[in-house]
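Below is one structure, written out as structure tokens, with a few remarks after it.
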Amino acid sequence: MYQDAYRAVETALKDATGAADVLLGDGGDHADLASTVAFTLAKTQRKSPMVIAAEVTAAITEPLAEEGISVITTGPYINFIFGQKYVADVVKAASQPGYGDLPDVPGQVCIEHTSANPNGPLHVGHIRNSVIGDTLARVFRKAGHDIDVQYYLNDMGRQIAIVSWGFDFLTIPQNEGEKDDHYVARVYVAANHALEADPSIKEEIDRRMGLIEQGDPEIVEKFRRAVSLCAEGIKVTLNRLNVPHDRFVWESGFVQDGSMTAILNRAEALPEASHVDVLAMDLTAFGFEKQYVLRRSDGTSVYAARDLAYHVWKGEHFDRLINVLGADHKLIGAQLQATMKLLGEKVPEIIFFEFVSLPEGSMSTRAGKFISADELINEVTKKAFEEVTTRRPELSEEECRAIAASVAIGAVRYDIVRVSQEKSTVFDWRQALDFERQSAPYIQYSHARACSILEKAGDFTPVYELSTESEIALAKQIGLFPVVLRTVVEELHPHHLAIYARDLADLFNAFYHTDPVLKAEAGVRDARLTLVRAAQNTLSEVLETLGIDAIRSM
RNA sequence: GGAUCUGUGGCUUAGCCUGGAUAUAGCGCCGGGCUUCUAACCCGGAUGUCGAGGGUUCGAAUCCCUCCAGGUCCGCCA
Numbered sequence: 000m001y002q003d004a005y006r007a008v009e010t011a012l013k014d015a016t017g018a019a020d021v022l023l024g025d026g027g028d029h030a031d032l033a034s035t036v037a038f039t040l041a042k043t044q045r046k047s048p049m050v051i052a053a054e055v056t057a058a059i060t061e062p063l064a065e066e067g068i069s070v071i072t073t074g075p076y077i078n079f080i081f082g083q084k085y086v087a088d089v090v091k092a093a094s095q096p097g098y099g100d101l102p103d104v105p106g107q108v109c110i111e112h113t114s115a116n117p118n119g120p121l122h123v124g125h126i127r128n129s130v131i132g133d134t135l136a137r138v139f140r141k142a143g144h145d146i147d148v149q150y151y152l153n154d155m156g157r158q159i160a161i162v163s164w165g166f167d168f169l170t171i172p173q174n175e176g177e178k179d180d181h182y183v184a185r186v187y188v189a190a191n192h193a194l195e196a197d198p199s200i201k202e203e204i205d206r207r208m209g210l211i212e213q214g215d216p217e218i219v220e221k222f223r224r225a226v227s228l229c230a231e232g233i234k235v236t237l238n239r240l241n242v243p244h245d246r247f248v249w250e251s252g253f254v255q256d257g258s259m260t261a262i263l264n265r266a267e268a269l270p271e272a273s274h275v276d277v278l279a280m281d282l283t284a285f286g287f288e289k290q291y292v293l294r295r296s297d298g299t300s301v302y303a304a305r306d307l308a309y310h311v312w313k314g315e316h317f318d319r320l321i322n323v324l325g326a327d328h329k330l331i332g333a334q335l336q337a338t339m340k341l342l343g344e345k346v347p348e349i350i351f352f353e354f355v356s357l358p359e360g361s362m363s364t365r366a367g368k369f370i371s372a373d374e375l376i377n378e379v380t381k382k383a384f385e386e387v388t389t390r391r392p393e394l395s396e397e398e399c400r401a402i403a404a405s406v407a408i409g410a411v412r413y414d415i416v417r418v419s420q421e422k423s424t425v426f427d428w429r430q431a432l433d434f435e436r437q438s439a440p441y442i443q444y445s446h447a448r449a450c451s452i453l454e455k456a457g458d459f460t461p462v463y464e465l466s467t468e469s470e471i472a473l474a475k476q477i478g479l480f481p482v483v484l485r486t487v488v489e490e491l492h493p494h495h496l497a498i499y500a501r502d503l504a505d506l507f508n509a510f511y512h513t514d515p516v517l518k519a520e521a522g523v524r525d526a527r528l529t530l531v532r533a534a535q536n537t538l539s540e541v542l543e544t545l546g547i548d549a550i551r552s553m
């Protein structure tokens, strides 16, 4: 709908001006679309922008009127306002289940996100990765892409060696009711303390690192047990957050099946390979001062080598690769991309997000200095439960718990996704526990209100005629949903969808207050009910795409 | 020191890629609104050198340069 209107305007402007770029943009408060071509034409035509705007307006007004688009020019600005037909088409489309779905796109996209090391629970920094990645995955799916979402499990790193050592040499019993990943973190922190106190322990860690690479059965089993324990806990947290993965890929698989050795051999043969003591890639041609080390002098591999093998494998199975990584991986990520390019392999696209820190400084699993995702979810759920029980005393405890769970996860996810990813943030409990405007509960609440109206209304005959300012503004915002999905897919910035959802809820609430629905006279009532249904359906689709439950009552 | 991201009212934040009409919204502050479809709501008001300085342009929060401040990275860790 929007695209059709956009193209009609663009074509009309091109025909009238002959310009290659007609500088069409968002009209803001003034219009649905606005063009500033008159300014650029002023130079070549040696006339004032105002005169040109008037001439262009005269030429395009009639053809666009046939499309139901009116041209309102003020000074040099040529403004376009979409008419009744557009609004009616939007409301009609938005009433259908699955509104916003874009046409299927061929090929399969692999989205890798979270991939936190299995040495402790996910903390509030990790879940920024999860929420950005999962929201993106949902948007891609909605935008017609076939996707495969992966979690890359670093199951043979140094920290796992440390954890396995801790399990073997420290006697740390699991606490009553303690989640497995939290237990693993305690062992990891304690083992690190021990390592600091007695550096000779490092020898045993190194020994395990060597054995894991050789596939020593006993060490493999020890590592596997520790990693599984932690990963199961992480999965529980991801599940609570509505973040599903299609598969967990174990890093060690690429060592066992020989693919890592194969890729190292290929890398070794490249002219950029450096063999002084270690195997490393010289990436100065790409602007990197530091070499990209792939194999230690003792012959064992480093993370980068396994990562390379993983990405080669992904490239063989998927058409497009997208990784979500923290800003601390910027250098290593760019080096991976450069090396993949040298190898002639598919180069992954990487989405970086900046750090989440605590008011007292950076988080650290090793130092035990972090707020876990579980703790955050628990606190937010507690607050949500208090809210719902005071607001809805008539509901059963079970109903209240269900609503609180949905509200809490929504609040956590929205609080993260609403901020653009290149902004570093400081975790703030007050903000996390705020359920007012610019929060998921606010959007969920708008949806619940719409549901309530529809429930009370019962059956009605759809009427696609809207007239008040609030009605039109709401309908036009509904019409932007597919546009926003396209923007997110193009720019890989999921926060646009969060902002859109908030604006949609704002406009619904404004409409709710200015235009009564159930009490309106017959014809108007049906038209408004039709709009409410479209809004409810759109809010539901948007929330679902954000991974937030579109609850019908709260 | 080098790389990179960020800097928008007291706080948080959109817009920046693709330059245009009074810079987006929330929190907090001030004032209003529940016998009315769910007040987790709505309406109104005050609050801005868009980090600083130069440049490009008819026009700069937006593009370029310099500087300042903060985050992140610069390991034979992952």
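Under numbering that gives the first Met the number 0, the first residue of the first sequence is numbered 0, with each subsequent residue one higher. C-beta atoms are modelled at their ideal positions from N, C-alpha and C, and glycine is treated no differently.
Check, Outcome
"Work out the CA separation of Ser227 and Thr134 for me, nearest whole Å.", "26 Å"
"How many Å lie between Pro105 and Phe317 at the Cα?", "11 Å"
"For Glu348 and Asp25, what's the separation of their Cα atoms in angstroms?", "29 Å"
"Go ahead and label Ser395 buried or exposed: buried means 16 or more other beta carbons lie within 10 angstroms of its beta carbon, across all protein chains shown.", "exposed"
"Which runs of the alpha helix (DSSP H), 4 residues or longer, sit entirely within the region 158-235?", "179-196 and 200-213"
"According to DSSP, Lys368 sits in a beta bridge with which residue or residues?", "Ser363"
"From the DSSP output, read off the bridge partner residues of Asn322.", "Glu111 and Ile349"
"Within 10 angstroms of its Cβ, does Ala549 collect 16 or more other Cβ (buried), or is it exposed?", "buried"
"Do Gly587 and Thr364 have their CB atoms nearer than 8 Å?", "Residue 587 cannot be examined here, being either before or after the span of the chain that is shown, 0 to 553."
"Ile477 to Asp281, Cα distance in whole Å?", "51 Å"
"Are His274 and Gln149 close, meaning C-beta to C-beta below 8 Å?", "no"
"Which two residues bound the contiguous alpha helix (DSSP H) that contains Ser445?", "Ala439 to Ala456"
"Whole angstroms are fine: how far does the CA of Asp180 sit from the CA of Phe168?", "19 Å"
"Which one of Ala500, Glu520, Leu194 and Ala526 has the shortest CA to CA distance from Val541?", "Ala500"
"Along the chain, which unbroken stretches of the beta strand (DSSP E) at least 3 residues long are found entirely within the region 267-312?", "278-280 and 291-294"
"For Phe81, which residues does DSSP report across the bridge?", "Ile68"
"Who are the near neighbours of Val425 in its chain, counting only those whose CB is closer than 8 Å to its CB and skipping five residues on each side?", "Val355, Ser356, Leu357 and Pro358"
"Using CA coordinates, which residue listed in Glu378, Asp458 and Pro62 is at the minimum distance from Leu12?", "Pro62"
"For Thr467, which three-state DSSP category applies?", "coil"
"Please go through the same chain and pick out, in chain order, the residues whose beta-carbon is closer than 7 Å to the beta-carbon of Ile126, but skip the five residues on each side of it.", "Leu240, Ala372 and Ile415"
"Tell me where the beta strand (DSSP E) around Phe247 begins and ends.", "Arg246 to Trp249"
"State the DSSP-derived secondary structure class of Gly119, mapped to helix, strand or coil.", "coil"
"Which residues in the same chain have their Cβ closer than 7 Å to the Cβ of Pro493, if we skip the five residues on either side of it in sequence?", "Ile131, Thr134, Leu135, Val138, Val416 and Val487"
"Over what stretch of residues does the alpha helix (DSSP H) that includes Ile402 continue unbroken?", "Glu396 to Val416"
"Could you tell me the distance, in whole angstroms, from the CA atom of Asp327 to the CA atom of Gly252?", "25 Å"
"I'd like to know whether the C-beta atoms of Ile110 and Ile321 end up nearer to each other than 8 Å.", "yes"
"Can you list, in chain order, the residues of its chain whose CB lies under 7 Å from that of Ser539, leaving out five sequence neighbours each side?", "His446 and Ala549"
"Are Ala33 and Ile77 closer than 8 Å when you measure CB to CB?", "yes"
"If you draw a straight line from the C-alpha of Gly82 to the C-alpha of Val90, how long is it?", "13 Å"
"Would you check if the distance between the CB atom of Val379 and the CB atom of Ala407 is smaller than 8 Å?", "yes"
"Tell me, to the nearest whole angstrom, how far the beta carbon of Leu293 is from that of Ala230; I am working on the premise that it is less than 8 Å.", "Not quite, the Cβ-Cβ distance comes to about 26 Å (not below 8 Å), so this is no contact."
"Our contact map puts Gln535 next to Leu432 with C-beta atoms below 8 Å; I'd like the distance itself, whole angstroms only.", "So it is not a contact: roughly 27 Å between Cβ atoms."
"Is Thr460 helix, strand or coil when you go by DSSP?", "coil"
"Figure out for me which residue from Ile211, Gly124, Ala7 and Gln2 has the closest Cα to the Cα of Ile161.", "Ile211"
"Have a look at Ala308 and Phe510 and give me their C-alpha separation to the nearest angstrom.", "55 Å"
"Whole-angstrom Cβ separation of Leu530 and Leu473, contact assumed at under 8 Å?", "7 Å"
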